[in-house]
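S.K.: Protein chains in written order, with the working numbering: chain A, 586 to 921; chain B, 586 to 921. My questions all concern the structure below.
2 protein chains.
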Amino acid sequence: MKIKQILLAARPKGLPVANNFETVDAILPELEEGEVMVKPLYFSVDPYMRGRMNDARSYIPPFQVGEPIESGGVAEVTHSKSTQFKTGDKVMSSGPRPFLPWATAAIFPAAHLRKIDDSIPLTYYLGLLGVPGLTAYFGLVDIGKPKAGETVVVSGAAGAVGIVVGQIARILGCRAVGIAGGAEKVRLLTDTFNFDAAIDYKGNHNMEAAIAAACPNGVDIYFDNVGGDISDAVIKHLNFFARVPLCGQIALYNSIEIPVGPRIQPIMVTRSILMQGFIIGNYASRFGEGFKQLSEWVKEGKIKYTETVEEGFDQLPAALLGLFSGRNSGKMVVKV
Amino acid sequence: MKIKQILLAARPKGLPVANNFETVDAILPELEEGEVMVKPLYFSVDPYMRGRMNDARSYIPPFQVGEPIESGGVAEVTHSKSTQFKTGDKVMSSGPRPFLPWATAAIFPAAHLRKIDDSIPLTYYLGLLGVPGLTAYFGLVDIGKPKAGETVVVSGAAGAVGIVVGQIARILGCRAVGIAGGAEKVRLLTDTFNFDAAIDYKGNHNMEAAIAAACPNGVDIYFDNVGGDISDAVIKHLNFFARVPLCGQIALYNSIEIPVGPRIQPIMVTRSILMQGFIIGNYASRFGEGFKQLSEWVKEGKIKYTETVEEGFDQLPAALLGLFSGRNSGKMVVKV
Chain A
586 MKIKQILLAA
596 RPKGLPVANN
606 FETVDAILPE
616 LEEGEVMVKP
626 LYFSVDPYMR
636 GRMNDARSYI
646 PPFQVGEPIE
656 SGGVAEVTHS
666 KSTQFKTGDK
676 VMSSGPRPFL
686 PWATAAIFPA
696 AHLRKIDDSI
706 PLTYYLGLLG
716 VPGLTAYFGL
726 VDIGKPKAGE
736 TVVVSGAAGA
746 VGIVVGQIAR
756 ILGCRAVGIA
766 GGAEKVRLLT
776 DTFNFDAAID
786 YKGNHNMEAA
796 IAAACPNGVD
806 IYFDNVGGDI
816 SDAVIKHLNF
826 FARVPLCGQI
836 ALYNSIEIPV
846 GPRIQPIMVT
856 RSILMQGFII
866 GNYASRFGEG
876 FKQLSEWVKE
886 GKIKYTETVE
896 EGFDQLPAAL
906 LGLFSGRNSG
916 KMVVKV
Chain B
586 MKIKQILLAA
596 RPKGLPVANN
606 FETVDAILPE
616 LEEGEVMVKP
626 LYFSVDPYMR
636 GRMNDARSYI
646 PPFQVGEPIE
656 SGGVAEVTHS
666 KSTQFKTGDK
676 VMSSGPRPFL
686 PWATAAIFPA
696 AHLRKIDDSI
706 PLTYYLGLLG
716 VPGLTAYFGL
726 VDIGKPKAGE
736 TVVVSGAAGA
746 VGIVVGQIAR
756 ILGCRAVGIA
766 GGAEKVRLLT
776 DTFNFDAAID
786 YKGNHNMEAA
796 IAAACPNGVD
806 IYFDNVGGDI
816 SDAVIKHLNF
826 FARVPLCGQI
836 ALYNSIEIPV
846 GPRIQPIMVT
856 RSILMQGFII
866 GNYASRFGEG
876 FKQLSEWVKE
886 GKIKYTETVE
896 EGFDQLPAAL
906 LGLFSGRNSG
916 KMVVKV
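Below, the structure written as structure tokens:
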């Protein structure tokens, strides 16, 4: 069967551009016994994917030049030579690499797919109940260890992870302060997602003063999604015994040189600060716990969610690039 | 009674110099009921004291200009108007600030002194069984969480804390690699203190290659006493899930501007690294445990110790300044 694929055409230097991707025609082989053919319905695009475009040691192998990009996704079964799946089933990849290739159709061994409950909006599996929601949950609860009355600051607050971090902080009795870019996102945080305060880093030329005003008792937990100058400003306001779950550094992902900035170790010593990098895979054995807790909060109406949905298979590269210019509010997904 | 005191004459900018100190005559008042007069025997000089010379928020209040410097010390009771102490008793301060003023004699309320057992060398209370030994123990064991077979790198390895860190690492079945300045210190680490390997940062123009050679399986724990360029080189070799107890940043203590260096957050995210600043006061409730374990290891001959002893009350400022040029091997104390 003839399909379309989107390949990594060349590794980017710095910010990725359209030319780093190439759309090509390809042929899917005949389905063999025990295999299932799926048609992707939604793809997730995520900041961590920038790292996979480099040829560098990290927690997931890099994309290969000339091979399809892959990302999280939800698909529908179109042909099945397995007794476990039938046409119309909604599925996700549960293989050694839990991704779908950027293609209009793909073949998987049945053992590498899992069926999902389609009474829940399918995109939630990519967001609130998927990697971003679990990332917010474990980073905040396990590393941040929030105590009622503490102040939690989250950067990239209007992103897929950030909006969940702030809402969990509130559920646990903390003051939630979000940092995001632009007046519209800031309004979304306080009006829709119930943050106690939100700071527009694009509109504030004095971030330090803005943080001081929003955090009169200092910062006990800084959930860092962005890194760079924004984090420099927050770090100065960390309290003694503050915790910093390091989730992402999107401000730095496109750096060509090793970025430099103020050294943070001196303040970490004088204030007994803990900083811990993590990826969600570290918590794989506890996904059930996170999924259960998040689902409960959703059913109780305590957590809301927002998504930016782009449309069209051809829009996948543009949607990924859009993450780095802050085009999304909440989780960015592409309906294909 | 007429005594001598050493005051902070002016706050240093950058590296402290002799002019920042002033020796003056002073008069001690008459001893009152419940008070004890002591004559200091040994003073400790420690890198953290540089921080107290600044007028900055930290975990101990700053020294005041025109007031005596103070530091850890062991003293002998010369006059007592308390039933708890008699002339000749060896004591340490256990007051709200556990320090002795830099003076040839001082008066304390009896409640602010504790008697020490003088069958152990008195200087051990300032080193192996004092703050440096406890710092090594809790930083390595509680934050580093060493597992047998792992590689532990310690910077400032020939210092009062470092030599204990390396020896505890060996006791716990780890590979111990020390970084120190100069061929003599490096030899001391491997020959006397049994480190598996030691790196002379003054003799190595390619620290990264030296670390790679000394740590063929990468670095699992980096006990950081120094910060700066040396730490930059070690951090590149940290393994996934590495732990970094941040104990001191002596390379940066004399900085006037906020020091700048490579940002460490990106590598901390991709390798799930934990970094935690601490001061020994955080473990005050567990000092008994640390003291007991260290004493046992000393009695079993598993930990050795070395000291640099300077002589003379007038030499206190020079001894403190000497820490920043690496004049000491092991704990630096001044016999007065």
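C-beta atoms are modelled at their ideal positions from N, C-alpha and C, and glycine is treated no differently.
Counting only Cβ pairs nearer than 8 angstroms, list the residues of chain B close to residue 854 (chain A).
M.R.: 831, 832, 833, 834, 862, 863, 864
S.K.: Using the beta-carbon of each residue, which ones in chain B are nearer than 7 angstroms to residue 845 (chain A)?
M.R.: Correct list: 845, 846, 847, 848.
S.K.: Quick one: which chain A residues come within Cβ less than 8 angstroms of residue 812 (chain B)?
M.R.: 848, 850, 851
S.K.: Name the residue from B:628, B:613, B:721 whose alpha carbon lies nearest to the alpha carbon of residue 901 (chain B).
M.R.: B:628
S.K.: Where residue 737 (chain A) and residue 814 (chain A) are concerned, what is the direct C-alpha to C-alpha distance, given to the nearest angstrom?
M.R.: Straight-line Cα distance between these residues: approximately 18 angstroms.
S.K.: May I ask you to list, following chain order, the residues of the stretch 597-619 of chain B that have a beta carbon less than 9 angstroms from some beta carbon of chain A?
M.R.: none
S.K.: Under the three-state reduction of DSSP, which class applies to residue 913 (chain A): helix, strand or coil?
M.R.: coil
S.K.: Ignoring anything shorter than 4 residues, give me the alpha helix (DSSP H) runs that lie fully in the stretch 633-705 of chain B, in order along the chain.
M.R.: 634-637
S.K.: Between which two residues does the alpha helix (DSSP H) holding residue 883 (chain B) run?
M.R.: 872-884
S.K.: For the stretch 703-750 of chain A, which segments carrying the alpha helix (DSSP H) assignment without a break, of at least 4 residues, lie completely within its bounds, in sequence order?
M.R.: 716-723
S.K.: For residue 861 (chain B), which residues does DSSP report across the bridge?
M.R.: A:859, B:830
S.K.: What residues of chain A sit near residue 922 (chain B), judged by a beta carbon separation below 7 angstroms?
M.R.: Here chain B comprises residues numbered 586 to 921, so residue 922 (chain B) is not present and cannot be evaluated.
S.K.: So residue 636 (chain B) contacts chain A; which residues on that side make the cut at Cβ distance below 8 angstroms?
M.R.: Residues of chain A with a Cβ closer than 8 angstroms to the Cβ of residue 636 (chain B) are, in chain order, 855.
S.K.: Is the beta carbon of residue 916 (chain A) less than 8 angstroms from the beta carbon of residue 717 (chain A)?
M.R.: yes
S.K.: If we count the other Cβ atoms within 10 Å of its Cβ and call it buried at 16 or more, is residue 612 (chain B) buried or exposed?
M.R.: By the Cβ neighbour-count rule, residue 612 (chain B) is exposed, with fewer than 16 other Cβ atoms within 10 Å of its own.
S.K.: Where do the ends of the alpha helix (DSSP H) carrying residue 792 (chain A) lie?
M.R.: 792-799
S.K.: If you run the structure through DSSP and keep just helix, strand and coil, what is residue 789 (chain A)?
M.R.: coil
S.K.: Which residues bound the beta strand (DSSP E) around residue 620 (chain A)?
M.R.: 620-629
S.K.: Would you tell me roughly how many angstroms separate the C-alpha atoms of residue 796 (chain A) and residue 854 (chain B), rounded to the nearest one?
M.R.: Between the alpha carbons of residue 796 (chain A) and residue 854 (chain B) lies a distance of about 24 angstroms.
S.K.: Could you give the C-beta distance for residue 883 (chain A) and residue 920 (chain A), rounded to a whole number, given that I count them as a contact under 8 angstroms?
M.R.: The C-beta distance from residue 883 (chain A) to residue 920 (chain A) rounds to 21 angstroms, too long to meet the 8 angstroms contact threshold.
S.K.: I need the DSSP call for residue 615 (chain A), collapsed to helix, strand or coil.
M.R.: coil
S.K.: Report the three-state DSSP secondary structure of residue 760 (chain A) (helix, strand or coil).
M.R.: strand
S.K.: Nearest-angstrom Cα distance between residue 715 (chain B) and residue 699 (chain A)?
M.R.: 58 angstroms
S.K.: Could you give the distance in angstroms between the alpha-carbon of residue 704 (chain A) and the alpha-carbon of residue 754 (chain A)?
M.R.: 28 angstroms
S.K.: In whole angstroms, give me the CA-to-CA distance for residue 859 (chain A) and residue 732 (chain A).
M.R.: Answer to the nearest angstrom: the Cα atoms are 15 angstroms apart.
S.K.: I'd like to know whether the C-beta atoms of residue 662 (chain A) and residue 673 (chain A) end up nearer to each other than 8 angstroms.
M.R.: yes
S.K.: Taking the Cβ atom as the reference point for each residue, do residue 844 (chain B) and residue 848 (chain A) lie within a distance shorter than 8 angstroms?
M.R.: Their beta carbons are under 8 angstroms apart, which means residue 844 (chain B) touches residue 848 (chain A) by this criterion.
S.K.: By DSSP, does residue 593 (chain A) sit in helix, in strand, or in coil?
M.R.: Three-state DSSP puts residue 593 (chain A) in a strand.
S.K.: Does DSSP classify residue 892 (chain B) as helix, strand or coil?
M.R.: Strand, per DSSP.
S.K.: So what's residue 812 (chain B) in DSSP terms, helix, strand or just coil?
M.R.: Coil.
S.K.: Going by the DSSP bridge assignment, what does residue 807 (chain B) pair with across the sheet?
M.R.: B:738
S.K.: Quick check: residue 656 (chain A) and residue 630 (chain A), are their CB atoms within less than 8 angstroms of each other?
M.R.: yes
S.K.: Looking at residue 782 (chain A): is its Cβ nearer than 8 angstroms to the Cβ of residue 806 (chain A)?
M.R.: no
S.K.: Between residue 908 (chain B) and residue 779 (chain B), what straight-line distance do the alpha-carbon atoms span, to the nearest angstrom?
M.R.: 23 angstroms
S.K.: Where residue 776 (chain B) and residue 874 (chain B) are concerned, what is the direct C-alpha to C-alpha distance, given to the nearest angstrom?
M.R.: Distance between the alpha carbons of residue 776 (chain B) and residue 874 (chain B) is about 29 angstroms.
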